[in-house]
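> Following my numbering, the numbering of the first sequence begins with 1 at its first residue and continues without gaps. A virtual CB, placed ideally from N, CA and C, is assigned to each residue, including glycine. As the structure is a prediction and not an experimental result, all values here were calculated from the model. Take a look at the following structure, please.
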Amino acid sequence: MAREIPKGYEPQEIELKWAEYWVEQALFRADADAPPPIFSIVIPPPNVTGSLHIGHMLDHTEIDILTRWHRMRGFNTLYLPGTDHAGISTQRVVVRQLADQGIDYRTLGREEFEKRVWKWKEESGGTITEQMRQIGESCDWSREKFTLSPEMSRAVREAFVRLYEEKLIYRAHYLTNWCPVCLTVLSDLEVVHEERRGNLWHIRYPLAGAEGKSAQTGEPRKYLVVATTRPETMLGDTAVAVHPADERYKDLIGKNVALPLTGRTIPIIADEMVDREFGTGAVKITPAHDPNDFELGRRHHLLEIDVMTDDGKMNAAAGVYAGLERFEARKKIVEDLKELGLLEKVTEHTHAVGLCERSRTIVEPRASTQWFCKMKTLAEPAMAAVERGAIRMVPDNRREEYFNWMRNIRDWTLSRQLWWGHRIPAWYCAENGHVTVAREAPAACGTCGSRNLTQDPDVLDTWFSSGLWPFSTLGWPAETKDLKTYYPTSLLITGYDILFFWVARMIMLGMHFTGEVPFRAVYLHSLVRTGGGEKMSKSKGTGLDPVVLNQQYGTDAMRFCLASMAAPGTDIVLSDDRLAGARNFANKIWNAARFLFLNLEKFEQGGATLEELAGPEVRAQAPYLLNGVVPLSDAWIFARLTAAIEQVNEALANYRFHDAAQCIYQFFWGDFCDWYIEWIKPDLQSAHRDRAFVAWRNLFAVFEAALRLLHPLMPFLTEELWHRLPQKPGAKSIALERFPEAPDRWRSPSALAEFGLLQALITAVRNIRAEMKIDSKKKVAAEVFVVDKIAGTTVESNRDGIMRLGMVSDLKISDKPLPQSGAAVRSTARFDVRIDYTETVDVAAESAKITKELEGLRKAIGSKERQLGDDIFRSRAPEKIIRGLEITLAEQRIEMQKLAERFEQLNQDTHNSR
RNA sequence: GGGCGAUUAGCUCAGUUGGUUAGAGCGCUCCCCUCACACGGGAGAGGUCAAAGGUUCAAGUCCUUUAUCGCCCACCA
Numbered sequence: 001m002a003r004e005i006p007k008g009y010e011p012q013e014i015e016l017k018w019a020e021y022w023v024e025q026a027l028f029r030a031d032a033d034a035p036p037p038i039f040s041i042v043i044p045p046p047n048v049t050g051s052l053h054i055g056h057m058l059d060h061t062e063i064d065i066l067t068r069w070h071r072m073r074g075f076n077t078l079y080l081p082g083t084d085h086a087g088i089s090t091q092r093v094v095v096r097q098l099a100d101q102g103i104d105y106r107t108l109g110r111e112e113f114e115k116r117v118w119k120w121k122e123e124s125g126g127t128i129t130e131q132m133r134q135i136g137e138s139c140d141w142s143r144e145k146f147t148l149s150p151e152m153s154r155a156v157r158e159a160f161v162r163l164y165e166e167k168l169i170y171r172a173h174y175l176t177n178w179c180p181v182c183l184t185v186l187s188d189l190e191v192v193h194e195e196r197r198g199n200l201w202h203i204r205y206p207l208a209g210a211e212g213k214s215a216q217t218g219e220p221r222k223y224l225v226v227a228t229t230r231p232e233t234m235l236g237d238t239a240v241a242v243h244p245a246d247e248r249y250k251d252l253i254g255k256n257v258a259l260p261l262t263g264r265t266i267p268i269i270a271d272e273m274v275d276r277e278f279g280t281g282a283v284k285i286t287p288a289h290d291p292n293d294f295e296l297g298r299r300h301h302l303l304e305i306d307v308m309t310d311d312g313k314m315n316a317a318a319g320v321y322a323g324l325e326r327f328e329a330r331k332k333i334v335e336d337l338k339e340l341g342l343l344e345k346v347t348e349h350t351h352a353v354g355l356c357e358r359s360r361t362i363v364e365p366r367a368s369t370q371w372f373c374k375m376k377t378l379a380e381p382a383m384a385a386v387e388r389g390a391i392r393m394v395p396d397n398r399r400e401e402y403f404n405w406m407r408n409i410r411d412w413t414l415s416r417q418l419w420w421g422h423r424i425p426a427w428y429c430a431e432n433g434h435v436t437v438a439r440e441a442p443a444a445c446g447t448c449g450s451r452n453l454t455q456d457p458d459v460l461d462t463w464f465s466s467g468l469w470p471f472s473t474l475g476w477p478a479e480t481k482d483l484k485t486y487y488p489t490s491l492l493i494t495g496y497d498i499l500f501f502w503v504a505r506m507i508m509l510g511m512h513f514t515g516e517v518p519f520r521a522v523y524l525h526s527l528v529r530t531g532g533g534e535k536m537s538k539s540k541g542t543g544l545d546p547v548v549l550n551q552q553y554g555t556d557a558m559r560f561c562l563a564s565m566a567a568p569g570t571d572i573v574l575s576d577d578r579l580a581g582a583r584n585f586a587n588k589i590w591n592a593a594r595f596l597f598l599n600l601e602k603f604e605q606g607g608a609t610l611e612e613l614a615g616p617e618v619r620a621q622a623p624y625l626l627n628g629v630v631p632l633s634d635a636w637i638f639a640r641l642t643a644a645i646e647q648v649n650e651a652l653a654n655y656r657f658h659d660a661a662q663c664i665y666q667f668f669w670g671d672f673c674d675w676y677i678e679w680i681k682p683d684l685q686s687a688h689r690d691r692a693f694v695a696w697r698n699l700f701a702v703f704e705a706a707l708r709l710l711h712p713l714m715p716f717l718t719e720e721l722w723h724r725l726p727q728k729p730g731a732k733s734i735a736l737e738r739f740p741e742a743p744d745r746w747r748s749p750s751a752l753a754e755f756g757l758l759q760a761l762i763t764a765v766r767n768i769r770a771e772m773k774i775d776s777k778k779k780v781a782a783e784v785f786v787v788d789k790i791a792g793t794t795v796e797s798n799r800d801g802i803m804r805l806g807m808v809s810d811l812k813i814s815d816k817p818l819p820q821s822g823a824a825v826r827s828t829a830r831f832d833v834r835i836d837y838t839e840t841v842d843v844a845a846e847s848a849k850i851t852k853e854l855e856g857l858r859k860a861i862g863s864k865e866r867q868l869g870d871d872i873f874r875s876r877a878p879e880k881i882i883r884g885l886e887i888t889l890a891e892q893r894i895e896m897q898k899l900a901e902r903f904e905q906l907n908q909d910t911h912n913s914r
């Protein structure tokens with residue numbers, strides 16, 4: 001076994017090796033026949049043609065931590081990987097590529113275009129999964145899925161047909177969101193709103209025929225003034241609406257206006273929808289280009305005139321403006337109106353415009369015929385599932401958001417005018433227009449038998465197939481073994497930004513098709529943001545590339561860093577400092593291991609073998625006793641390890657990754673390295689063989705357990721070091737070992753207390769030394785007084801350690817309290833310690849320091865005395881709190897008394913010496 | 001227009017059901033290149049918990065108002 005550990009921790013040297021090993025050995029292949037308990041999780045499928053970004057890194061780190069943790073605790077574990085065809089964004093990428101080559105994708109034709117996309121998918125589709133392998137995600141690669149594969153398609157068609165048969169999917173003419181760049185309709189969710197400063201144009205619509213009189217002034221009037229933010233749509237106006245009770249316009253209802261620029265005559269109608277307060281109280285109605293107008297138009301049976309082309313230009317219906325881009329047309333129309341004297345005024349107006357989530361183009365509301373899914377019916381059980389806790393949502397403040405959205409849910413526009421995606425399984429008869437919706441292409445029309453059928457050219461919204469993901473990936477609609485074993489999945493981890501897009505839809509579709517929740521819990525994590533608080537985005541150049549960071553700092557450090565910052569409910573701002581901190585931690589672990597093996601070599605010269613010090617059976621028996629007891633430092637470190645294990649388990653069970661990370665960090669660095677290793681160093685090389693054996697055995701047992709504790713967070717480093725320890729024959733990986741479980745014999749409250757005393761004592765000595773500027777290499781004599789017997793024994797039997805770590809040449813143990821003279825004394829309620837040293841004390845500074853401490857103590861004591869003296873407090877506060885206060889109060893009184901004494905002495909000495 | 005969240009050390013953030021002198025990392029100050037680690041060791045400094053009121057024996061934690069910032073949802077042209 002390779003024993004030498006290189007001096008520096010070089011993550012690149014070890015990570016790739018183990019990543020390959022895990023994949024080759026198919027270490028994480030799930031066995032559906034293995035016994036429960038089950039832990040199953042499906043990946044939020046990343047875009048197949050994408051590459052790993054920092055958001056994935058967070059997702060995947062959290063997923064992998066929990067997966068590894070469960071696996072190590074004996075769960076039958078499945079982490080199912082896969083990718084999404086990501087219809088609109090993938091199509092956009094390929095369209096742009098073609099455009100760069102001077103090719104308009106539409107000229108290629110559908111079939112050829114699809115071929116190109118598949119080719120692109122084959123070329124770049126492996127990037128992200130390859131990266132996932134490299135960062136060692138413990139997936140079952142034999143079960144990898146792709147949303148556009150034939151088996152997923154089968155599930156999609158099945159779902160579509162069933163919903164259609166249940167009349168939950170329907171085809172209708174409706175006002176939808178159109179993206180003139182992506183050339184498709186979008187669902188409401190894909191439209192993002194942004195406040196924009198714009199104008200409100202007040203336009204005069206000349207009254208046609210009989211000119212009315214102003215209701216207020218009685219003056220004859222020629223115009224009706226409407227206010228609009230979108231003058232270019234006026235070419236499609238088919239009415240002007242006023243409120244029926246609006247006195248200003250009452251007499252005009254039923255009359256007509258001549259639509260400027262076109263001369264078309266359109267009616268003035270009355271509708272409750274009109275807000276009398278807004279603008280002029282008269283509103284132009286463009287049913288084909290505004291959702292409100294569309295509704296109103298339906299009520300009043302108005303004509304719908306679409307004045308635009310697919311790519312956002314004015315069409316033939318726009319007359320002379322045809323061919324102009326819509327915002328060019330706006331300018332031109334405003335100019336023309338001005339010239340005609342029909343522009344009454346222009347005011348500033350801020351309003352929200354809808355943008356296409358992908359292209360950031362202003363979305364054009366347009367009436368068109370699309371496929372929709374009725375959501376109300378699906379939403380009910382989905383809300384109920386979360387309501388009754390069948391799905392635990394963490395953090396639970398997201399529940400309200402979820403309910404809110406579900407309560408106000410609107411029908412989902414399913415069809416997309418794209419070529420890349422699941423084609424809608426609907427066929428139209430050329431003879432009679434009859435629609436056949438079927439799982440497979442029908443041979444003939446269901447009503448007339450015609451064979452002249454054409455399939456609907458549209459594809460489904462990507463999120464439709466993603467919505468089936470938790471069960472389609474397990475074989476649905478077939479009743480597979482996987483589905484039976486791993487569904488419902490245990491947990492879903494994803495960002496809260498796709499709560500509605502994805503999570504809500506999976507719950508709805510899952511409940512509907514399987515009758516069960518798709519996952520028992522959903523953890524919605526934070527987003528990784530840039531320093532400025534924005535969401536990281538590669539397109540804006542604000543993203544950090546995790547691949548680069550992984551190389552720079554190591555994947556383990558990256559994982560640890562993300563975990564340590566991933567407090568539920570708050571966003572993460574990643575920084576180089578934090579990453580470096582995590583890298584330093586990895587280095588610390590590395591070097592602790594290095595220390596173990598370097599020293600072991602020296603020790604081995606005495607004839608001991610690694611096997612008898614650190615073999616698996618040897619470790620299992622820890623802790624070892626010396627002279628019939630577990631040495632204090634060893635009992636202490638096992639007790640601390642026990643606490644760490646419990647805290648990590650508790651933290652991970654509640655998705656509190658940052659707690660787990662911090663706890664491990666504190667244990668390994670603060671307890672294990674800073675105190676335990678330092679404490680036992682002499683024992684490891686002790687000539688006293690029993691003593692050395694006990695030290696080595698306990699050390700290895702703790703170290704190996706710590707590696708297992710660390711493994712879910714830092715898989716590579718722990719795997720590497722673990723393999724350098726002797727293991728059971730055939731043991732393949734630390735990932736397949738048990739997560740540490742602390743046996744009761746590891747617990748020791750007394751060791752925690754007694755070793756804690758030693759730590760406080762040593763720290764006090766070091767503190768005096770630092771304050772008095774004693775050369776750190778110079779040993780000095782010290783005297784200590786200990787209040788109680790137990791502590792006395794502890795100090796007495798640990799003289800060596802105290803002297804070594806405190807750089808004390810001679811330790812005298814006094815049987816009475818030490819005089820509180822000078823700056824060389826420190827006291828707590830349990831001990832006094834003093835250093836023999838010729839003092840050169842800065843009296844003023846020392847006095848100020850003591851004064852400040854006294855002040856703090858006085859405040860603390862005062863508040864406790866007040867509370868404890870209060871009968872109401874005593875009657876209402878829990879016993880535990882009262883007792884705790886009393887103990888602390890007693891301690892603080894002693895400390896205060898000693899400190900006051902010291903203060904007095906200090907000033908007296910100074911006084912005398914003058 | 002609704003809803004949600006944030007405001008704690010110089011910086012970035014923890015602080016679960018109210019309960020004993022409010023924590024971490026980084027940065028800062030002082031000392032140390034001691035034979036695992038300078039990506040290190042030791043000792044420190046630093047906070048009236050955004051403001052004001054309230055509830056309570058007890059408030060960083062609960063309630064109200066205000067200020068600043070952020071996010072989500074929303075068909076006022």
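#1: Terminal residues of the continuous beta strand (DSSP E) containing C356?
#2: Tell me, which residues are paired with F831 by DSSP?
#3: Hey, quick one: how far does the alpha helix (DSSP H) through C561 stretch, first residue to last?
#4: Could you round the C-beta distance between L261 and L235 to whole angstroms and report it? I think they count as a contact, below 8 Å.
#5: Just mark F278 as buried or exposed, buried being the case when its beta carbon has 16 or more other beta carbons within 10 Å.
#6: Specify the secondary structure class of G541 as computed by DSSP and reduced to three states.
#7: Are the beta-carbon atoms of K105 and V95 separated by less than 7 Å?
#8: Which same chain residues end up closer than 8 Å to Q25 when comparing Cβ atoms and leaving out the 5 residues on each side of it in sequence?
#9: Straight-line CA distance for L224 to R276?
#10: If you scan the stretch 738–772 from start to end, which runs of the alpha helix (DSSP H) of 4 or more residues do you find wholly inside it?
#11: Using the rule of at least 16 other Cβ atoms within 10 Å of the residue's Cβ for burial, across every protein chain shown, is Q621 buried or exposed?
#12: Residues bridged to W427 by DSSP?
#13: Would you kindly check if the distance between the Cβ of L854 and the Cβ of L899 is under 7 Å?
#14: Alpha carbon to alpha carbon, how far is H173 from D237?
#15: Does the Cβ-Cβ distance between I54 and V528 come in under 7 Å?
#16: For L259, which residues of its own chain have a beta-carbon under 6 Å away from its beta-carbon, when the five flanking residues on both sides are left out?
#17: List the whole-angstrom C-beta distance separating I14 from R594, where the pair is believed to meet the contact cut-off of C-beta under 8 Å.
#18: If the criterion is Cβ atoms closer than 7 Å, does the pair V363 and V185 meet it?
#19: Please return the same chain residues whose Cβ sits closer than 7 Å to the Cβ of I861, not counting the five positions on each side in sequence.
#20: Between V181 and the rest of its own chain, which residues show a CB-CB distance below 7 Å, the 5 nearest in sequence each way excluded?
#21: Could you tell me the boundaries of the alpha helix (DSSP H) in which M803 lies?
#22: Is it buried or exposed, V320, if we count other Cβ atoms within 10 angstroms and call 16 or more buried?
#23: Tell me which same chain residues have a C-beta within less than 8 Å of the C-beta of I507, skipping the five on either side of it?
#24: Given the structure, does A329 come close to the ligand FMN, in the sense that its CB is under 6 Å from one of the ligand's heavy atoms?
#25: Roughly how many angstroms lie between the CA atoms of G531 and I572, to the nearest whole one?
#26: Can you tell me where the alpha helix (DSSP H) with W679 in it begins and where it stops?
#27: Take every Cβ of the stretch 734–748, pair it with every Cβ of the stretch 72–84, and state whether three or more of those distances are shorter than 8 Å.
#28: Around the Cβ of G83, are there at least 16 other Cβ atoms within 10 angstroms (buried) or fewer (exposed)?
#29: Let's test the definition: count the other Cβ atoms within 10 Å of the Cβ of F327 and tell me whether it reaches 16, buried, or not, exposed.
#30: Between the C-alpha atoms of M132 and L52, what's the straight-line distance to the nearest angstrom?
#31: To the nearest angstrom, how far is it from the Cα of G446 to the Cα of E165?
#32: Quick one: is H301 buried, meaning 16 or more other Cβ sit within 10 Å of its Cβ, or exposed?
Result, derived from the coordinates:
#1: L343 to C356
#2: V786
#3: T555 to M565
#4: 7 Å
#5: exposed
#6: Because the pLDDT at G541 is just 46, under 50, the model does not fix this residue reliably, and the value given afterwards should be weighed accordingly. The answer is coil: DSSP assigns G541 none of H, G, I, E or B.
#7: Note that residue 105 is Tyr in the sequence shown here, rather than Lys. Cβ distance < 7 Å, so Y105 and V95 count as in contact.
#8: K732 and S733
#9: 14 Å
#10: 749–771
#11: exposed
#12: T436 and Q455
#13: yes
#14: 19 Å
#15: yes
#16: D237 and I266
#17: Not really, about 13 Å apart at Cβ, beyond 8 Å.
#18: no
#19: L889, Q892, R893 and M896
#20: C356, S359 and T361
#21: R799 to G806
#22: exposed
#23: A382, A385, V386, I391, V517 and P518
#24: For the structure depicted, the ligand FMN is absent and the ligand set is empty, with no information on it obtainable.
#25: Residue placement at G531 is flagged as unreliable, the pLDDT there being 49, under the threshold of 50; a coordinate-derived value is accordingly withheld.
#26: E678 to L684
#27: yes
#28: Checking the sequence shown, residue 83 turns out to be Thr, not Gly. That one is buried.
#29: exposed
#30: 8 Å
#31: 15 Å
#32: exposed
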